[in-house]
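There are 2 protein chains.
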Amino acid sequence: MSQRKASGDVGRATIRDVAERAGVSVASVSRVLSGNYPVSEELRRRVMKVVGDLDYVTNAHARSLAGGGTPTVAILINNITGAAFAHVAKGVEGAATLRGWLSLVGTTGDDPERELALVNLMRQQGVAAVVLLGGAYDFDEYQLRMAGFARSLDAAGSHLVLVGRPPLEGDVPATTVDYDNEGGAYAMASHLLSAGHRRVLVLPGHSELTTAQGRLRGAQRAFEAYGVPFDPGMVRHGPYDYEHGYEAVEDTLKEGVDFTAVLAGTDVVAAGAMQALRAAGLRVPEDVSIVGYDDIPLASQLTPQLTTVHVPYEEMGRVALRAVADRREGGGTGRRNDGDHLVLGTHVVVRNSVRPPARRD
Amino acid sequence: MSQRKASGDVGRATIRDVAERAGVSVASVSRVLSGNYPVSEELRRRVMKVVGDLDYVTNAHARSLAGGGTPTVAILINNITGAAFAHVAKGVEGAATLRGWLSLVGTTGDDPERELALVNLMRQQGVAAVVLLGGAYDFDEYQLRMAGFARSLDAAGSHLVLVGRPPLEGDVPATTVDYDNEGGAYAMASHLLSAGHRRVLVLPGHSELTTAQGRLRGAQRAFEAYGVPFDPGMVRHGPYDYEHGYEAVEDTLKEGVDFTAVLAGTDVVAAGAMQALRAAGLRVPEDVSIVGYDDIPLASQLTPQLTTVHVPYEEMGRVALRAVADRREGGGTGRRNDGDHLVLGTHVVVRNSVRPPARRD
DNA sequence: TTGAAAGCGCTACCAT
DNA sequence: ATGGTAGCGCTTTCAA
C-alpha cells in the first residue's frame, strides 16, 4: 500500500497509477477505458487487470474538463414530496439513464432566491439541460426571470426546459413540455355537468398559479358550453394541499352554501374535500360528487375511488429528456422550431366518485 | 461578441475572459469569487462588474479538479415515487443545502446491476458520500456487496451511508442511520392486543426484506408478551404496495379465515387492506381495525384516519447528512466510533382506525 | 497500435 | 494586495 505518491495520500487512484502499474502510457489507458479507439487485445487485458486490482474509476470532473464527460440533466422541483412531480422526475430519470445520462435533482422550496441559486449552480456544473417542473406563479417578473434563465443557460451551452408551465413569450431559447391543462378541466367539468350537477364548488388552486388559472378557465368554458351560469362565488382559491380541500369544504358548508359536487384542483385537494364532507355527515358520491385532477396513485386508493383527469406526468418527463437529447445530437442551430413547444393530451378517468345529484336546484 | 477565442466558440466565458476584460490577473478574479482572501474594494468592484456583464459562473468541474469544489451527496433510492423515501431525500437535501452542499438523486429501480453502476458513477463524480435508502433484501450476497461498496467509496475518499437498513457486520467503513423498526412494530401490535384483538391478519411485507423481518419480529414479541399464541397462518407476505394489501385481505376473506384486525407493514398496504374490507361490506373500524406503519401523509388522509407507527424519515435524512458532514469536517481518522450507527425512535400515532373487537373468539 | 505532450478552467502557492 | 504559474486528472491531437 505504498504505490501512492510520497505523501500519505488517501485519495483515489489516478489514470497515471494505472498506467505505471500496467507499464503502458496514460494515453493507452484512456483509450482502453473510453473504448472509442482501437487497442490491442493484449493492452486491454493488462489495463483492465490493473483497473480491477486498483478498483479504479475515472475522475468525472477531469474527464468533463478535458472534453469527455457524461451529459447531465438537472431537475428543479419545488418539493420532492409531491407525487405528481415525482412522476415527472421519474420519467426524466428513466429516459436519462437509458441514454447513459446522469440526472440531478434540486429542490427550490418555492423560493425564487433558491431557484436562481440552483440554476446558477447547475450552470456551473455544466449540465446539458435544466428542467423546471410545475406550475409557475404568473407575476410580471416571471417571464423576464425565465427568459433570463433561458439566455444564461443557452449562452453556457445548456438549455432550459419548462415542464407543466406555459411557454415563454418571444424568441427565447427554451423548450416547453406542457399538457392540455385547460382541456382536461373542460372535460372534467363537462362530466359533472352532464351528470346533472349545477351547483359545483370549484377549488382550482392559488389564483396566481398558471395551472390553477387554466383549470378554472376550462371549467368556466364548460359551464358556458352547457349554458349554465358560472357563479364566481362558488370558487375558492388556495394551495394544492389536503388542508385547503378540507377547510374550503368545511367553510362552505358552515356558510350554508348549497352544492352537489366539488371540482377539486388536484387529487390531494379532493382527498381533503372528501374527508370534510364525511366529517359533516355527507356521503360521497350519494350526497355530493367529487372529482380531482392529476390522477396520482392516491386517486384510485381513496374510497370511493376518485374520478379525475389523467395527466401523463411520467411521459412528460420522458418527452422532456428526449427533446433535449435530440436537440443536442441534432446539433441544433439554436433556432427555434415547432419542437420547442410540445403539448400532451389529458383525459378523464371515470371511477366512483360521481353520481347524478340527488335533488335539483 | 468577438472577445472569445478565434474559433467561433459558443462555450461559456472563462475566468481568463473575465481577467482580461477587467484588466486584472486570473488569480485576482479567483480570489474575488471565492471570497476567502482579502481583496481591495476597487478590485472587487471591477471584477464583479465584468462578471455581471459576461454573466460568468465558475466551471464547477475545473474548480473541483483544482481542489475547490462543492461537496456533493448522492442519494440512491429504489423508486423516487415512494413517499417515505421522498421524505428522507427531502431531509438530506435540506440539510445539504443548509451547508452549501449539492445533492444528487439516483434511482435504482430495485436492480442490483443499476445500483452498482450508480455507486461507481458517484465514485467518479467524487461525491463526499453515497446515501443508500430503504430496506434491503437479506440475501447472503448483501453484506459482501455493501462491504465492497463501503471500501471502494472509502478508498476514494468518499463514504457510504445506509439509511433505514441494518448496519454492516465487521469492521466496514460505513455509517448507518436506522430507526427502531422492531420496537415500533412491537408497540403497534401491543396497541392492537391491548384493545382486545386476538385474531390479527399480519402483512409484514416481503419475507426477505429486512424491514419486513423486523416488523414481523416486533409483532411476534408483542404477542408473546401478551401471552397470546402467534398463528403463523395469519401472516401473509408480499410487496409494500396497495395491491398487495387489497389482495391479501380479499383472499383471506375468501378463505373464510376469521380476523378482527389487520397489522399492515406500511400505510400504503393498510390503504389497500381498508379498501378490500370495504369492498366486502366490512366497516373500519367497527367490524375490523387496521393499523399501518410509516406515518406518511396518506395515513391521516384516509377515512378513517389511520393509526400507525411514526417513522422520522425526514429527520433520518438530516441526521445522515450531518453524520457525513461532521466526519468530513472533524477530519475523521477513518476509525469507526459509536457515531457509526445511529438509531432514531419511533412511536405509535393513535388515530381512528382501531376499536375493540366486536366479538371475542 | 502506442506514446508524448498540450491543454481543459480553476485554485493555491510563491513571489513581488 | 496582487500577479505569475504549477499542477489537478483526463482526452486528444500529433508523431513515431
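One line per chain: the protein sequences are B and R, in this order.
If you count by our numbering, then the first sequence holds residues 1 to 361, one letter each, in order.
If you count by our numbering, then the second sequence holds residues 1 to 361, one letter each, in order.
We treat Cβ as the ideally placed atom computed from N, Cα and C, and that holds for glycine.
None of the values given here were measured: they were computed from a predicted structure.
Residues of chain B with a Cβ closer than 7 angstroms to the Cβ of R:H61 are, in chain order, H61, S64, L65, G126.
DSSP places R:T308 in the strand class (E or B) of the three-state scheme. By the criterion of at least three beta-carbon pairs nearer than 8 angstroms, the stretch 140 to 160 of chain B is not in contact with the stretch 98 to 110 of chain B. Within the same chain, Cβ atoms closer than 6 angstroms to the Cβ of B:H197 are found at T260, A261, P357, the five residues on either side in sequence being excluded. For R:A156 and R:D55, the gap between their C-alpha atoms comes out near 34 angstroms.
Proximity of R:K49 to chain B, defined by a Cβ-Cβ separation below 9 angstroms, is not satisfied. DSSP links B:D178 through a beta bridge to B:V343. B:L193 is positioned such that its CB atom lies closer than 9 angstroms to that of B:V228.
No Cβ-Cβ contact shorter than 9 angstroms links B:D180 with B:P167.
Interface with chain B (9 angstroms Cβ-Cβ cutoff): R:H159 is excluded. In the DSSP secondary-structure assignment, R:S289 is bridged to R:A261. For R:L298, at least one C-beta of chain B is nearer than 9 angstroms to its own C-beta. With contacts defined as CB atoms closer than 9 angstroms, R:G218 and R:A264 fail to qualify as a contacting pair. Here DSSP, grouped into helix, strand and coil, assigns B:S103 to strand. Taken through DSSP and simplified to helix, strand or coil, B:T72 comes out as strand. Contact between the stretch 289 to 296 of chain B and the stretch 78 to 92 of chain B is present, with at least three C-beta pairs closer than 8 angstroms. A direct Cα-to-Cα measurement between R:M234 and R:R215 gives close to 14 angstroms. Within a 10 Å sphere around the beta-carbon of R:S64 sit 16 or more other beta-carbons, which makes this residue buried.
Apart from the 5 residues on each side of it in sequence, R:R21 sits with its Cβ closer than 6 angstroms to the Cβ of V50 in its chain, given in chain order.
Within the stretch 183 to 254 of chain R, the complete alpha helix (DSSP H) runs of at least 4 residues fall at 210 to 225, 242 to 254.
Here the stretch 147 to 164 of chain B lies against the stretch 313 to 325 of chain B, with 3 or more beta-carbon pairs under 8 angstroms apart.
Using a CB distance cut-off of 9 angstroms, B:L192 does not count as an interface residue toward chain R. Inclusion of B:L121 and B:T72 in the CB contact set at 9 angstroms is not warranted, their separation being larger than that value. In this structure, the CA atom of B:I15 is about 15 angstroms from the CA atom of B:G35. Around R:S152, the beta-carbon contacts reaching into chain B at under 9 angstroms are D55, V57. Taking 9 angstroms as the Cβ-Cβ cut-off, the stretch 74 to 88 of chain B approaches chain R at I75, N79, I80, T81, G82, A83, A86, H87, given in chain order.
At the C-beta level, R:M146 and R:A174 come within 9 angstroms of one another. Taking B:A320 as the centre and dropping the five residues before and after it, the same chain places the C-beta of V92, V131, V161, V163, V177 closer than 7 angstroms to its C-beta, in chain order. Using a Cβ-Cβ cut-off of 7 angstroms, B:N352 is close to nothing in chain R; its nearest Cβ partner there is about 11 angstroms away. Only residues of its own chain outside the window of five on either side were considered, and among them D295, T346, H347, V349 have a CB closer than 7 angstroms to the CB of B:H310, listed in chain order. Note that the C-beta distance between B:G67 and R:N59 is not below 9 angstroms. In the structure shown, B:A129 falls within a strand segment according to DSSP collapsed to helix, strand and coil. Under the Cβ distance rule, B:N36 does not count among the residues neighbouring chain R, no pair being separated by less than 9 angstroms. R:I77 carries a strand assignment under DSSP once its states are collapsed to helix, strand and coil. Taking C-alpha positions only, B:A270 is separated from B:G135 by approximately 18 angstroms. Around the C-beta of R:R123, 16 or more other C-beta atoms lie within 10 Å, and the residue is accordingly described as buried.
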